[in-house]
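Residues 1 to 184 in UniProt numbering are what the sequence shown spells out, letter by letter. In what follows, a structure is listed as C-alpha coordinates, so that the remarks can point back to it.
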Amino acid sequence: MRQLFHLGLILTLLAALCLAVWSGYTLWRLSLENGYIRAVAEGRSPALPEPAGAYALYARTLDLARRDRADEAEGLLTRLTDLPLGMQAAARYAIGNARLRAGYALLDVGRADDAVPHVNLAKSAYRAALHLRPGDHDARLNLALAMRLVRDLPRPLQSGAEEEEESAPRQLWTDLPGLPRGAP
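This is the structure we're talking about:
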(Lines of atoms letter the chains of each structure in order from A and count residues from 1; the text may use other names and numbers.)
(Lines give C-alpha, C1' and ligand atoms only; values in the text may rest on other atoms or scores of the structure.)
Protein backbone atom coordinates (compact mmCIF):
# COMPACT_ATOMS: atom_id res chain seq x y z
CA MET A 1 0.00 0.00 0.00
CA ARG A 2 2.82 2.35 0.87
CA GLN A 3 4.56 1.67 -2.50
CA LEU A 4 1.34 2.45 -4.35
CA PHE A 5 1.07 5.74 -2.44
CA HIS A 6 4.68 6.66 -3.32
CA LEU A 7 4.12 5.74 -6.99
CA GLY A 8 0.98 7.91 -7.11
CA LEU A 9 2.84 10.78 -5.46
CA ILE A 10 5.74 10.51 -7.94
CA LEU A 11 3.35 10.39 -10.91
CA THR A 12 1.46 13.42 -9.58
CA LEU A 13 4.70 15.37 -9.13
CA LEU A 14 5.86 14.35 -12.61
CA ALA A 15 2.54 15.48 -14.13
CA ALA A 16 2.79 18.79 -12.25
CA LEU A 17 6.36 19.27 -13.50
CA CYS A 18 5.28 18.57 -17.11
CA LEU A 19 2.39 21.00 -16.74
CA ALA A 20 4.73 23.67 -15.36
CA VAL A 21 7.19 23.20 -18.26
CA TRP A 22 4.38 23.33 -20.82
CA SER A 23 2.89 26.46 -19.20
CA GLY A 24 6.30 28.13 -19.16
CA TYR A 25 6.82 27.35 -22.85
CA THR A 26 3.36 28.70 -23.69
CA LEU A 27 3.98 31.90 -21.75
CA TRP A 28 7.36 32.33 -23.47
CA ARG A 29 5.72 31.91 -26.90
CA LEU A 30 2.98 34.40 -26.03
CA SER A 31 5.60 36.85 -24.80
CA LEU A 32 7.45 36.58 -28.12
CA GLU A 33 4.21 37.01 -30.04
CA ASN A 34 3.17 40.04 -28.00
CA GLY A 35 6.60 41.59 -28.47
CA TYR A 36 6.28 41.10 -32.22
CA ILE A 37 2.80 42.65 -32.28
CA ARG A 38 4.04 45.58 -30.19
CA ALA A 39 6.95 46.15 -32.60
CA VAL A 40 4.61 46.09 -35.60
CA ALA A 41 2.27 48.55 -33.86
CA GLU A 42 5.24 50.89 -33.34
CA GLY A 43 5.95 50.87 -37.07
CA ARG A 44 8.91 48.50 -37.12
CA SER A 45 8.85 45.35 -39.23
CA PRO A 46 10.82 42.69 -37.34
CA ALA A 47 11.20 39.07 -38.39
CA LEU A 48 8.18 36.90 -37.68
CA PRO A 49 8.77 34.71 -34.61
CA GLU A 50 8.77 30.97 -35.15
CA PRO A 51 6.48 29.29 -34.39
CA ALA A 52 4.21 32.20 -35.18
CA GLY A 53 0.78 32.29 -33.62
CA ALA A 54 -2.35 33.34 -35.44
CA TYR A 55 -2.37 36.83 -33.93
CA ALA A 56 1.25 37.47 -34.93
CA LEU A 57 0.39 36.33 -38.47
CA TYR A 58 -2.60 38.66 -38.43
CA ALA A 59 -0.40 41.57 -37.37
CA ARG A 60 2.12 40.66 -40.09
CA THR A 61 -0.64 40.50 -42.71
CA LEU A 62 -1.95 43.94 -41.76
CA ASP A 63 1.60 45.35 -41.70
CA LEU A 64 2.39 43.98 -45.16
CA ALA A 65 -0.90 45.29 -46.55
CA ARG A 66 -0.22 48.71 -45.02
CA ARG A 67 3.18 48.73 -46.71
CA ASP A 68 1.55 47.85 -50.08
CA ARG A 69 3.10 44.37 -50.19
CA ALA A 70 -0.19 42.61 -50.93
CA ASP A 71 1.36 39.57 -52.62
CA GLU A 72 3.24 38.65 -49.45
CA ALA A 73 0.19 39.38 -47.30
CA GLU A 74 -1.99 37.09 -49.41
CA GLY A 75 0.50 34.29 -48.84
CA LEU A 76 -0.26 34.44 -45.12
CA LEU A 77 -4.05 34.25 -45.48
CA THR A 78 -4.13 30.46 -45.49
CA ARG A 79 -2.47 30.41 -42.06
CA LEU A 80 -5.11 32.67 -40.48
CA THR A 81 -7.83 30.02 -40.20
CA ASP A 82 -7.57 29.90 -36.37
CA LEU A 83 -8.68 33.52 -36.05
CA PRO A 84 -12.26 34.69 -35.61
CA LEU A 85 -14.08 35.39 -38.87
CA GLY A 86 -14.11 39.14 -38.22
CA MET A 87 -10.32 39.24 -38.06
CA GLN A 88 -10.00 37.12 -41.20
CA ALA A 89 -12.35 39.54 -42.95
CA ALA A 90 -10.30 42.50 -41.71
CA ALA A 91 -7.15 40.93 -43.16
CA ARG A 92 -8.81 40.45 -46.53
CA TYR A 93 -10.18 44.00 -46.38
CA ALA A 94 -6.67 45.37 -45.73
CA ILE A 95 -5.30 43.41 -48.68
CA GLY A 96 -8.11 44.74 -50.86
CA ASN A 97 -7.21 48.27 -49.80
CA ALA A 98 -3.56 47.66 -50.71
CA ARG A 99 -4.59 46.35 -54.13
CA LEU A 100 -6.90 49.29 -54.73
CA ARG A 101 -4.16 51.76 -53.73
CA ALA A 102 -1.85 50.06 -56.24
CA GLY A 103 -4.54 50.38 -58.91
CA TYR A 104 -5.04 54.07 -58.17
CA ALA A 105 -1.27 54.66 -58.25
CA LEU A 106 -1.08 53.08 -61.69
CA LEU A 107 -4.02 55.17 -62.88
CA ASP A 108 -2.31 58.33 -61.64
CA VAL A 109 0.65 57.66 -63.92
CA GLY A 110 -1.63 56.83 -66.87
CA ARG A 111 -1.24 53.04 -66.94
CA ALA A 112 -4.90 52.04 -67.00
CA ASP A 113 -4.27 48.61 -68.54
CA ASP A 114 -1.91 47.69 -65.72
CA ALA A 115 -4.36 48.95 -63.09
CA VAL A 116 -7.21 46.61 -64.09
CA PRO A 117 -5.70 43.41 -62.57
CA HIS A 118 -5.02 45.20 -59.28
CA VAL A 119 -8.56 46.53 -59.11
CA ASN A 120 -9.97 43.09 -59.96
CA LEU A 121 -7.88 41.51 -57.18
CA ALA A 122 -9.13 44.21 -54.81
CA LYS A 123 -12.71 43.37 -55.78
CA SER A 124 -12.15 39.68 -55.03
CA ALA A 125 -10.58 40.55 -51.65
CA TYR A 126 -13.56 42.75 -50.76
CA ARG A 127 -15.97 39.99 -51.82
CA ALA A 128 -14.10 37.50 -49.62
CA ALA A 129 -14.27 39.96 -46.71
CA LEU A 130 -18.00 40.41 -47.27
CA HIS A 131 -18.46 36.65 -47.41
CA LEU A 132 -16.87 36.35 -43.96
CA ARG A 133 -18.54 39.47 -42.49
CA PRO A 134 -21.63 40.41 -44.55
CA GLY A 135 -22.43 43.53 -42.53
CA ASP A 136 -19.09 45.25 -43.21
CA HIS A 137 -20.17 48.55 -44.77
CA ASP A 138 -16.59 49.68 -45.43
CA ALA A 139 -15.89 46.58 -47.53
CA ARG A 140 -19.21 47.03 -49.33
CA LEU A 141 -18.41 50.67 -50.12
CA ASN A 142 -14.89 49.90 -51.32
CA LEU A 143 -16.23 47.06 -53.47
CA ALA A 144 -18.68 49.50 -55.07
CA LEU A 145 -15.86 51.99 -55.66
CA ALA A 146 -13.66 49.32 -57.23
CA MET A 147 -16.51 48.11 -59.45
CA ARG A 148 -17.22 51.65 -60.57
CA LEU A 149 -13.53 52.32 -61.16
CA VAL A 150 -13.21 49.37 -63.52
CA ARG A 151 -16.39 50.37 -65.31
CA ASP A 152 -15.22 53.97 -65.75
CA LEU A 153 -11.68 53.19 -66.90
CA PRO A 154 -10.86 54.53 -70.34
CA ARG A 155 -11.19 51.86 -72.99
CA PRO A 156 -8.72 51.64 -75.86
CA LEU A 157 -10.33 52.60 -79.14
CA GLN A 158 -10.18 50.29 -82.14
CA SER A 159 -9.80 51.63 -85.66
CA GLY A 160 -13.00 53.24 -86.86
CA ALA A 161 -14.51 53.20 -83.39
CA GLU A 162 -13.87 56.91 -82.96
CA GLU A 163 -16.39 57.87 -85.65
CA GLU A 164 -18.98 55.41 -84.28
CA GLU A 165 -18.56 56.80 -80.79
CA GLU A 166 -19.20 60.36 -81.95
CA SER A 167 -22.35 59.40 -83.85
CA ALA A 168 -23.75 57.14 -81.11
CA PRO A 169 -26.14 58.83 -78.69
CA ARG A 170 -24.81 59.38 -75.19
CA GLN A 171 -26.26 57.10 -72.58
CA LEU A 172 -27.65 59.11 -69.73
CA TRP A 173 -28.49 57.81 -66.28
CA THR A 174 -25.82 55.14 -66.33
CA ASP A 175 -25.96 54.78 -62.55
CA LEU A 176 -29.62 53.78 -62.33
CA PRO A 177 -29.94 50.35 -60.72
CA GLY A 178 -32.69 49.26 -63.09
CA LEU A 179 -34.82 50.39 -65.97
CA PRO A 180 -37.90 52.46 -65.16
CA ARG A 181 -41.09 50.51 -65.84
CA GLY A 182 -43.49 53.47 -65.91
CA ALA A 183 -45.10 52.69 -62.58
CA PRO A 184 -44.83 55.11 -59.66
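Built from N, CA and C at the ideal position, the CB exists for glycine as well. Computed from a predicted structure; not experimentally measured.
Using the beta-carbon count (16 or more within 10 Å), is ALA125 buried or exposed?
buried
Selected residue, minimal CA-CA separation from PRO117, among SER23, GLY75, ALA102, PRO84:
ALA102
Helix, strand or coil, according to DSSP, for THR78 in the structure here?
helix
Could you pull out every residue in the same chain whose Cβ sits closer than 7 Å to the Cβ of ALA122, ignoring the five residues on either side in sequence?
GLY96, ARG99, LEU100, GLY103, ALA146
If you measure between the beta carbons of ALA129 and ALA139, is that distance less than 8 Å?
yes
Could you tell me whether the Cβ atoms of GLN88 and LEU48 are closer together than 8 Å?
no
Check whether the Cβ atoms of LEU32 and LEU57 lie closer than 8 Å to each other.
no
What's the call for LEU85, buried or exposed, on a 16-neighbour Cβ count within 10 Å?
exposed
Taking only runs that begin and end inside the segment 9-84, name each unbroken alpha helix (DSSP H) of 4 or more residues, in chain order.
54-66, 70-75
Cα-Cα separation between MET1 and ALA16, rounded to whole angstroms
23 Å
Go ahead and label LEU64 buried or exposed: buried means 16 or more other beta carbons lie within 10 angstroms of its beta carbon, across all protein chains shown.
buried
Heavy atom of the ligand PLP less than 7 Å from the Cβ of ARG79, yes or no?
The ligand PLP is not among the ligands present in this structure, which contains no ligands whatsoever.
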